[in-house]
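As numbered in the working numbering, residues 2 to 172 make up the sequence shown, in order.
Backbone N, C-alpha and C fix where the C-beta goes; we use that ideal spot for every residue, glycine too.
Since this is a predicted model, take the numbers as computed values, not measurements.
The structure under discussion appears below in the form of structure tokens.
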Amino acid sequence: MKHTISVLVENKFGVLARIAGLFSARGYNISSLAVGETEDPSVSRMTLVSEGDDRTLEQIKKQLNKLIDTIKVVDFREGSFIDRELILIKVAVTPKTRKEVLEAVDSSGAKIENAGSRSISVMLTGDQNRVHGILELLKPFGIVEVVRTGRIAMGVDDKGLAGKGKPEVNE
Numbered sequence: 002m003k004h005t006i007s008v009l010v011e012n013k014f015g016v017l018a019r020i021a022g023l024f025s026a027r028g029y030n031i032s033s034l035a036v037g038e039t040e041d042p043s044v045s046r047m048t049l050v051s052e053g054d055d056r057t058l059e060q061i062k063k064q065l066n067k068l069i070d071t072i073k074v075v076d077f078r079e080g081s082f083i084d085r086e087l088i089l090i091k092v093a094v095t096p097k098t099r100k101e102v103l104e105a106v107d108s109s110g111a112k113i114e115n116a117g118s119r120s121i122s123v124m125l126t127g128d129q130n131r132v133h134g135i136l137e138l139l140k141p142f143g144i145v146e147v148v149r150t151g152r153i154a155m156g157v158d159d160k161g162l163a164g165k166g167k168p169e170v171n172e
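Structural data, given as structure tokens:
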């Protein structure tokens, strides 16, 4: 089973390497990783996707919490979060298939980023089902190249990952 884990860490040199090393040393694979600053520039959010049973997930969370630069670890369970991924797909086209590819892209809600004489570059954001769907839709035309960001995720409750609660509203 795939698990999405969000980790708040201190935004310092070497933190990413230590976390990747933790996974590697214990034989855990990271199938997706996205890292970026949060609303606080001294804190980064890492969204990791890893596969394993519940016991493996508990081990991962314990090991992450032991790292000195870790602020908070959250395991997102199905339904308690929203997730998105960005994908860029370069699709081969010929004069005969161009119109069909454009129609397929339009029907999927993706956006044309670049159209050349032999390929069309497409951009889509969505959850894993939507990303998988466009790949399957465009595969028959000949996918030349795929670039993906990795999953990012956010809880749907009213408090942020840092647990600060609802932001104050000044009127």
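Go ahead and pull the three-state DSSP assignment for Val94. As a first step, residue 94 is located in the sequence shown; it is residue number 93 there, counting from the start. Here Val94 carries a coil assignment [DSSP, helix/strand/coil].
Separation of Ser43 from Asn66, as counted between CA atoms: Locating residue 66 in the sequence shown gives position 65, counting from the first residue. Locating residue 43 in the sequence shown gives position 42, counting from the first residue. About 18 Å.
Strictly by DSSP, which residues pair up with Ser32? Residue mapping note: residue 32 aligns to position 31 of the sequence shown, counting from 1. Per DSSP, none; premise fails for Ser32.
Using 8 Å for Cβ pairs, my map puts Glu146 next to Lys91. What's the rounded Cβ distance? What you label residue 146 is simply residue 145 of the sequence shown in a count that begins at 1. What you label residue 91 is simply residue 90 of the sequence shown in a count that begins at 1. That pair is a contact at about 4 Å.
Cutting at 8 Å between CB atoms, please list the residues of its own chain near Val102, excluding the five before and the five after it. Within the sequence shown, numbered from 1, the residue matching residue 102 stands at position 101. Sequence-distant partners of Val102 (beyond 5 residues in either direction) whose C-beta falls short of 8 Å from its own C-beta, in its chain, are Val92, Val94, Ile121, Leu139 and Phe142.
Quick one: grab the DSSP three-state call for Glu172. Taking the first residue of the sequence shown as 1, we reach residue 172 at position 171. Since pLDDT at Glu172 reaches only 40, below the 50 mark, its modelled position is unreliable, and no value is offered.
Excluding sequence positions up to five away, which residues of its chain have a Cβ less than 6 Å from the Cβ of Phe24? Taking the first residue of the sequence shown as 1, we reach residue 24 at position 23. Within its own chain, the residues whose Cβ lies closer than 6 Å to the Cβ of Phe24, once the five positions on either side in sequence are excluded, are Ile31, listed in chain order.
Sorted by chain position, which residues of the same chain lie with C-beta nearer than 6 Å to Lys100's C-beta, five sequence neighbours on each side aside? Mapped onto the sequence shown, residue 100 falls at position 99. Around Lys100: no qualifying Cβ.
I need the DSSP call for Ser43, collapsed to helix, strand or coil. In the sequence shown, residue 43 corresponds to position 42, counting from 1. The answer is coil: DSSP assigns Ser43 none of H, G, I, E or B.
Quick check: the Cα distance between Val123 and Ala111, rounded to an integer number of angstroms? Taking the sequence shown and counting its residues from 1, the one referred to as residue 123 is at position 122. Taking the sequence shown and counting its residues from 1, the one referred to as residue 111 is at position 110. Whole-angstrom Cα-Cα distance: 7 Å.
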